[in-house]
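The next block holds one structure in the form of structure tokens; read it before the comments.
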Amino acid sequence: MAKIKVFTDSAADIPKHLLDELDISVIPLKVHIDGVTYIDGVTLDKEDFYDKLKASKQLPSTSQPSPLDFAEAFRKAAEEGAEEIISINLSSAMSGTYQSAVLAISMLEDIDVKVTVIDSKAATYVYGMIVVAVARAAKAGKSMEECVQIAERYIREQKVFFMVDTLEYLQKGGRIAKASALVGTLLNITPILSLNDEGEVYGLDKVRGKNKAFNRVFELMSKRFPLGSSVSIGILHGNNIEAANKWKEKVLSMYDVKECVTTPLGPIIGTHAGPGTVACVLVPVDDE
């Protein structure tokens, strides 16, 4: 049985206790705010990020790890006994992180280790959930083929629903026009967002008033996942634990939830969605 080592990047927003429990290694992205460069999760934690986001006049930017960053980490894992490596990374539609991991493979031709890199087609704990599932499978002794099949099922079957608190950050990030943001704010429009099959943010609906938008999220959710079905969920929030708990309570009343992980949104989605954003990702669980 080959020893499989699981990697991801910091945009997966996986809580530390799961990283430690499942021996998941994280390659950090960099975050650039007002001319200062921070290492995501190392020199910038999520709480500090939201404070800086609110204070910044310009939208922060991010940059992916280099191929060398991945190659050095992969090489170290091989030296420590890994026979196979799987790296599950941020959507290639959002970042060059996946491509950096792919390019790293060609830098390891002198060592005997097989590296598999997966484009999650997702962001934040939407793919963090995939990483956790694969890490559990690897820890249980599953083969690389089985681990890849698990990742592919999650990519195929999961769905995320976002609700932003303000249109300001979507407008700053170019997701919507300035005029649309102004009109939306004046009319109290709340967009409900998701990620498409390529991992890009898109609108599911636009609703007037936050309470109506809240109810609409769960209407849409119930159309995708039948009420009472078995699911695993992730509740994500832009430094807004009160709203996250409200969403969690609602989802727990709708479904047979096998696992629930609550985690703050990191800089990748947090930059564009903004403080106050709340999201829920669901994936069906096979009743066996």
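In this text, residue positions in the sequence shown follow our numbering: the first is -11, and each later residue adds one. All C-beta atoms, glycine included, are put in the ideal place defined by N, C-alpha and C. These figures come from a predicted structure and were not determined experimentally.
- Task: With a cut-off of 8 Å on the beta carbons, I'd call Ala(-1) and Thr112 a contact; round off their distance for me.
- Result: If you number the sequence shown from 1, residue -1 lands on position 11. If you number the sequence shown from 1, residue 112 lands on position 124. Between Ala(-1) and Thr112 the beta-carbon gap is near 7 Å, inside 8 Å, which marks them as a contact.
- Within 8 Å, strictly: CB atoms of Leu91 and Pro53: What you label residue 91 is simply residue 103 of the sequence shown in a count that begins at 1. What you label residue 53 is simply residue 65 of the sequence shown in a count that begins at 1. Against a cut-off of 8 Å, the Cβ pair of Pro53 and Leu91 comes out as no contact.
- Expressed to the nearest angstrom, what Euclidean distance is found between the alpha-carbon atoms of Pro16 and Ser51? One-based indexing of the sequence shown puts residue 16 at position 28. One-based indexing of the sequence shown puts residue 51 at position 63. Straight-line Cα distance between these residues: approximately 10 Å.
- Task: Output yes or no for whether 8 Å exceeds the beta carbon distance between Val273 and Ser218.
- Result: Position 285 of the sequence shown, counted from the start, is the residue given in the question as residue 273. Position 230 of the sequence shown, counted from the start, is the residue given in the question as residue 218. Taking 8 Å as the Cβ cut-off, Val273 and Ser218 qualify as a contacting pair.
- May I ask you to report which of helix, strand or coil DSSP gives Ala281? Look at the range of the chain in this structure, -11 to 276, and you will see that residue 281 is not part of it.
- Item | Straight-line gap, Ala125 to Val119 (C-alpha atoms, nearest Å) | The count along the sequence shown starts at 1 and reaches residue 125 at position 137. The count along the sequence shown starts at 1 and reaches residue 119 at position 131. Ala125 and Val119: Cα-Cα distance of roughly 10 Å.
- Expressed to the nearest angstrom, what Euclidean distance is found between the alpha-carbon atoms of Ile74 and Met132? Taking the first residue of the sequence shown as position 1, residue 74 is located at position 86. Taking the first residue of the sequence shown as position 1, residue 132 is located at position 144. Using only the alpha carbons, I get a separation of about 8 Å.
- Item | Continuous alpha helix (DSSP H) stretch holding Lys234: start and end | Within the sequence shown, residue 234 is the residue found at index 246, counting from 1. Lys234 -> alpha helix (DSSP H) spans 229 to 242.
- Query: What residue from Asn228, Gly226, Ile76, Val205 has the CA that sits closest to Tyr137's CA?
  - Reply: Walking along the sequence shown from the start, residue 137 turns up at place 149. According to the sequence shown, residue 137 is Gln rather than Tyr. The residue with the shortest Cα to Cα distance from Gln137 is Ile76.
- Straight-line Cα distance separating Asp98 from Cys268: On the sequence shown, residue 268 is found 280 positions in, with the first residue counted as 1. On the sequence shown, residue 98 is found 110 positions in, with the first residue counted as 1. Each residue's Cα considered, the two are about 43 Å apart.
- Item | Closest by C-alpha distance to Leu224, when choosing among Lys(-7), Ala261, Thr(-4), Lys42 | Along the sequence shown, one-based indexing puts residue 224 at 236. Nearest option by C-alpha distance: Ala261.
- So what's Leu170 in DSSP terms, helix, strand or just coil? Residue numbering aside, residue 170 sits at position 182 when the sequence shown is read from its first letter. Residue confidence for Leu170 is low, a pLDDT of 46 falling below 50, so the modelled location carries little weight and cannot support an answer.
- Item | Spatial neighbours of Val171 in its chain, beta-carbon cut-off 7 Å, leaving aside the 5 residues before and after | By one-based count along the sequence shown, residue 171 stands at place 183. Model confidence at Val171 stands at a pLDDT of 45, short of 50, so the residue's coordinates are unreliable and nothing is read from them.
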